[in-house]
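Shown next, in structure tokens, is the structure this report addresses.
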Amino acid sequence: MLQIKDLAVEVEGKEIIRDLHLNIEEGEVHVLFGPNGCGKTTLLMTLLGFPSYKVTRGRITFKGVDITEFPTNERVKLGMGMSFQHPPEIRGVKLGDMVNIAQGRKEEEIDEDVIALAKRLNISVDFLNRDVNLGFSGGEVKRSEILQLLAQAPDFIMFDEPDSGVDVENIELIGKIMSELLDRNKMPSKRDKSGLIITHSGSIMRHIKADRAHVMLEGRIACSGMPDEITKNVMETGFERCVELCARNKEVDAE
Amino acid sequence: MTKKETIERAERAKRKKAALGEDIAIGEYMTGKEHQSLNSLDEFPAEYQQDLLDAGIEPTEKDRSGSFLQRDCSVVFSTVKYPGLELMSTTDALKEHDWLKEYLWKAVPVDTDKYTAEVELDQTHGYFIRSEAGKKVTMPVQSCLFISSDKIGQKVHNIIIAEEDSELHIITGCSVSHAVNSALHLGVSEFFVKKGAKITFTMIHNWSRGMVVRPRSAVMIEDDGAFISNYILMTPVKSLQMYPTAYCVGRNARATFQTIIYAHGDTKIDSGSRAVLRGEGSRSEIISRVIATDNAQVIARGEVIGEGANAKGHIECRGLMLSDTAELDSIPELKATRKDLDLSHEAAIGKVAEEEIQYLMARGLSEEEATSVIIRGFLNVDITGLPDALARETKKMFDMSLEKVM
Ligand SMILES: Nc1ncnc2c1ncn2[C@@H]1O[C@H](COP(=O)(O)OP(=O)(O)OP(=O)(O)O)[C@@H](O)[C@H]1O
Ligand SMILES: [Mg+2]
């Protein structure tokens, strides 16, 4: 589904990502850990093709197409989607409008279809009528993002901290919808959708099973492995130690 | 004031320049262009039908309690379908009601400037709308002031009265034929909202590149009265200056002004809304959204003057710049004359944020589509206080005019 080869990315003239390689196959879900500021969001923004994230080296291939130079909406058309960590507020544009847009409908009304989708995320009609992200609480932002993805139904979905600031009940709800969006309820051979999830707490991982996990340090993927093991190491010993353990395992493997 | 005194005052103000806006040579525009009356609005020449529609006028008169159409200097159509509602030319109304002369120049002083003076000295009709005491005319009245002749000077005096506990909803359009290269519109509008009454006034200005426009409007609002103005201008105009003022004289009088301007081409606009809060507990809200693009020059003003106990007023001016050759000045002003007041303003001018465009592109829109969604959103003020049907219709008119410019 997605291949990243030897990627280097600059933001405002500063190199944030370097020597980054990553492969995500069709039907796979990967999780990405890493300390604040290591470049996780930068990676997702780059994959979506935002202009201020300049690829200075490497290629990104999506569904067999080299998309390194594609504008964002072309990537979206090919099947990419993302839930934002900090989405912007847009005055006068309602959440309901965003849902219509995500669904690719020219519809101006917030109709039954939209209301039915929103209901699944416990989002009320009143809430659909609010200007998107304007005064939304932390948890509301996350649910609004997932709702837009539900409408968009992309093949490859990036989630930037879908669980930060979300209460226990809503994490369960979000986890359920994410599992559905990522075909997690289907047999592995029947899974078409892929995903990349950024999380700090790992709490979302209790509700959605990933296939592979990575730790990012200073703009590189410093270690990769089985999600359960990596999650445990990160939570119990921290990022640096996790990477050390990772390196040691590699040596053992090599021997 | 006797008629003679009024004329004398007007004569003295004949050369008095307006406080704001560039000076206009009124003498370059002619009055006296007369037209035949119509039996119905669809008799209006086909070539102008679209111009009527663009000004929010419903030619079939469906869902309208009354219709008024003035073409250049003649009132060509006026009809009322609703008991308790009066609608006719100001000229006829002055003949019919002897008391009406007491209202003339009561809210707008005749010697405000040369434009008000001109309307007194060389008036060409205008409309009179009145709802009787206790009558709630929920279906809107429509009126249109139309200019179809080149070099014409249309000089109207409108009087709108909502008697005690009555309700009046007005859709008014000012429109001009596409064939007119240059014309002048002077419009004096005096509104009287009596005790417990309500007027909503939705005005669409559908001008063109050669139009010079100087409206002079004021509203007197008594105890518990409410006035809501929605103003929409999406077409270019050569020069427009106006500063409608609501005097909240009664207890708990309320005034709301919502202004939506999309200024493009070589448009030059100096437009504001003012509320004078005299009554105890009176309130006002002034909201404006201005987009300036191409070479447009816009001054967006707002002023609240607090004089009455516990008065409360807020101004919200937002501007969006779409070009480096346009200019937008946002000038909110507050004036307090006592301590128990609550006056505030917020003003902001920005551009279409890159981040917002990208967010929308991440949901599949192209850059142009995203920009248009943001602009549409920016101008989208939720119009409060209108009956549902009218609110829906206003939204439709707004969408229609926006479609034309985008
Ligand atoms: N527009 C920008 N201008 C300057 N620096 C930027 C910009 N965007 C990101 N950065 C910098 O790039 C680095 C990586 O940021 P990024 O948002 O990718 O981190 P992150 O891993 O997502 O962190 P967090 O866990 O806090 O969300 C940070 O040092 C950040 O300050
Ligand atoms: Mg981040």
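As they're listed, the protein sequences go chains A and B. Heads up: the first sequence runs through residues 1 to 255, numbered per my numbering. Heads up: the second sequence runs through residues 1001 to 1406, numbered per my numbering. For every residue, glycine included, the Cβ atom is placed at its ideal position computed from N, Cα and C.
Reference residue i; option with closest CA among the options
i: H207/A; options: E180/A, M235/A and K63/A; result: E180/A
i: N1158/B; options: L1184/B, I1374/B, M1088/B and T1138/B; result: M1088/B
i: F76/A; options: E28/A, N36/A, P154/A and D211/A; result: Checking the displayed sequence, the identity of residue 76/A turns out to be Val instead of Phe. Closest option to V76/A, Cα to Cα, is P154/A.
i: P1236/B; options: N1206/B, L1360/B, I1260/B and N1230/B; result: N1206/B
i: N122/A; options: G238/A, N170/A and L134/A; result: N170/A
i: V1180/B; options: A1336/B, N1310/B, E1222/B and D1150/B; result: D1150/B
i: H1178/B; options: K1106/B, Y1048/B and A1263/B; result: Y1048/B
i: Q3/A; options: K14/A, L150/A, G195/A and G135/A; result: G195/A
i: D131/A; options: K94/A, Y53/A, T231/A and E145/A; result: K94/A
i: K1404/B; options: Q1050/B, T1006/B, K1016/B and D1023/B; result: Q1050/B
i: E1333/B; options: A1347/B, R1392/B, D1340/B and K1062/B; result: A1347/B
i: H1125/B; options: A1093/B, A1133/B, D1098/B and K1003/B; result: A1093/B
i: T1079/B; options: R1064/B, L1386/B, C1073/B and T1091/B; result: R1064/B
i: E1414/B; options: L1184/B, S1217/B, R1392/B and Q1070/B; result: The requested residue 1414/B does not occur in the structure, where chain B is confined to residues 1001 to 1406.
i: R1208/B; options: A1046/B, A1055/B and R1376/B; result: Residue 1208/B is actually Ser in this sequence, not Arg. Of the candidates A1046/B, A1055/B and R1376/B, the one whose C-alpha sits nearest the C-alpha of S1208/B is A1055/B.
i: I17/A; options: T61/A, K5/A, E28/A and M1/A; result: K5/A
i: A1296/B; options: Y1262/B, R1289/B, L1277/B and V1276/B; result: Y1262/B
i: E1393/B; options: M1139/B, H1035/B, A1300/B and I1007/B; result: M1139/B
i: D1266/B; options: K1136/B, M1211/B and G1066/B; result: M1211/B
i: T1259/B; options: D1042/B, Q1070/B and D1382/B; result: D1382/B
i: M98/A; options: R120/A, M80/A, F127/A and V31/A; result: F127/A
i: V1176/B; options: I1152/B, I1199/B, F1192/B and V1193/B; result: I1152/B
i: S1143/B; options: T1172/B, L1052/B and I1287/B; result: T1172/B
i: D1294/B; options: G1279/B, V1276/B, R1274/B and L1320/B; result: L1320/B
i: H1097/B; options: I1129/B, E1369/B and D1072/B; result: I1129/B
i: M45/A; options: R191/A, N73/A, R143/A and M1/A; result: N73/A
i: T1256/B; options: R1278/B, R1283/B and K1033/B; result: R1283/B
Cβ distance (whole Å) where residue i is taken to contact residue j below 8 Å
i: S1330/B; j: I1305/B; result: Not really, about 18 Å apart at Cβ, beyond 8 Å.
i: L147/A; j: A118/A; result: 6 Å
i: D163/A; j: I177/A; result: Contact doesn't hold; Cβ gap of about 12 Å is too wide.
i: F1077/B; j: S1037/B; result: 7 Å
i: L22/A; j: V55/A; result: Not a contact, Cβ separation roughly 14 Å.
i: G1250/B; j: E1222/B; result: 4 Å
i: N1230/B; j: G92/A; result: Their Cβ separation, rounded to whole angstroms, is 15 Å, which puts N1230/B and G92/A out of contact at 8 Å.
i: K1114/B; j: R1015/B; result: 6 Å
i: A1162/B; j: E1190/B; result: Not quite, the Cβ-Cβ distance comes to about 12 Å (not below 8 Å), so this is no contact.
i: L1100/B; j: S1131/B; result: Actually they do not touch by this definition, with Cβ atoms about 15 Å apart.
i: G1187/B; j: G104/A; result: So it is not a contact: roughly 46 Å between Cβ atoms.
i: I101/A; j: E1356/B; result: About 12 Å; that fails the 8 Å criterion.
i: R1301/B; j: F1378/B; result: About 19 Å; that fails the 8 Å criterion.
i: G145/A; j: P87/A; result: What sits at residue 145/A in the sequence shown is Glu, not Gly. Their Cβ separation, rounded to whole angstroms, is 6 Å, which keeps E145/A and P87/A in contact under 8 Å.
i: I1160/B; j: I1199/B; result: 7 Å
Endpoints, the alpha helix (DSSP H) within which residue i is located
i: A235/A; result: In the sequence under discussion, the amino acid at residue 235/A is Met, which differs from the Ala named in the question. Where M235/A is concerned, the enclosing alpha helix (DSSP H) stretches over P227 to T237.
i: V141/A; result: G138 to Q152
i: E1047/B; result: A1046 to D1054
i: F127/A; result: V125 to L128
i: S179/A; result: V168 to L181
i: E1316/B; result: Taken as a continuous stretch (DSSP letters only), E1316/B belongs to no alpha helix (DSSP H), being part of the beta strand (DSSP E) at A1311 to M1321.
Delimiting residues of the beta strand (DSSP E) encompassing residue i
i: F33/A; result: V29 to F33
i: A8/A; result: L2 to V11
i: T967/B; result: Chain B is shown only over 1001 to 1406; residue 967/B falls outside these bounds and no answer can be derived.
i: E1403/B; result: Segment D1388 to V1405 is the alpha helix (DSSP H) holding E1403/B; no beta strand (DSSP E) there.
i: M187/A; result: Premise fails: M187/A is in no beta strand (DSSP E) and is neither H nor E.
i: D276/A; result: Since the first residue of chain A shown is 1 and the last is 255, residue 276/A is not available in this structure.
i: I1331/B; result: E1327 to A1336
i: E1008/B; result: Where E1008/B is concerned, there is no enclosing beta strand (DSSP E), although the alpha helix (DSSP H) it sits in stretches over K1003 to R1012.
i: N23/A; result: K14 to I24
i: T1371/B; result: T1371/B -> not in any beta strand (DSSP E); alpha helix (DSSP H) instead, spanning E1367 to L1379.
Going along the chain, which residues of the segment 1349 to 1363 of chain B sit with their C-beta nearer than 8 Å to a C-beta in chain A?
A1353, E1354, E1355, E1356, Q1358, Y1359, L1360, M1361, A1362 and R1363
Listed from N- to C-terminal order along the chain, which residues in the segment 42 to 71 of chain A have their beta-carbon within a distance smaller than 8 Å of any beta-carbon of chain B?
L48, F50, P51, S52 and P71
Determine which residues of the segment 88 to 104 of chain A have a Cβ less than 7 Å from any Cβ of chain B, and write them out in chain order.
P88, I90, R91, G92, V93, M98, I101, A102 and G104
Between the segment 219 to 228 of chain A and the segment 186 to 201 of chain A, do three or more beta carbon pairs fall short of 8 Å?
no
Counting only Cβ-Cβ distances shorter than 8 Å, please list the residues of the segment 127 to 157 of chain A near chain B, keeping chain order.
D131, Q148 and Q152
Is the segment 1240 to 1249 of chain B close to the segment 1266 to 1273 of chain B, with three or more CB pairs under 8 Å?
yes
Could you tell me whether the segment 225 to 238 of chain A touches the segment 210 to 217 of chain A, using the rule of 3 or more Cβ pairs below 8 Å?
yes
Positions along the segment 1074 to 1087 of chain B whose CB lies within less than 8 Å of some CB in chain A:
none
Is the segment 1162 to 1170 of chain B touching the segment 1091 to 1108 of chain B in the sense that three or more CB pairs, one from each, lie closer than 8 Å?
no
Between the segment 1335 to 1345 of chain B and the segment 1303 to 1319 of chain B, can you find at least three pairs of beta-carbon atoms closer than 8 Å?
yes
Could you please tell me which residues of the segment 72 to 86 of chain A, in chain order, have their CB closer than 8 Å to any CB of chain B?
T72, N73, V76, K77, G81, M82 and F84
By the 9 Å beta-carbon criterion, what residues does the segment 1226 to 1245 of chain B contribute toward chain A?
none
Taking a cut of 7 Å between CB atoms, which residues from the segment 1154 to 1177 of chain B lie near chain A?
none
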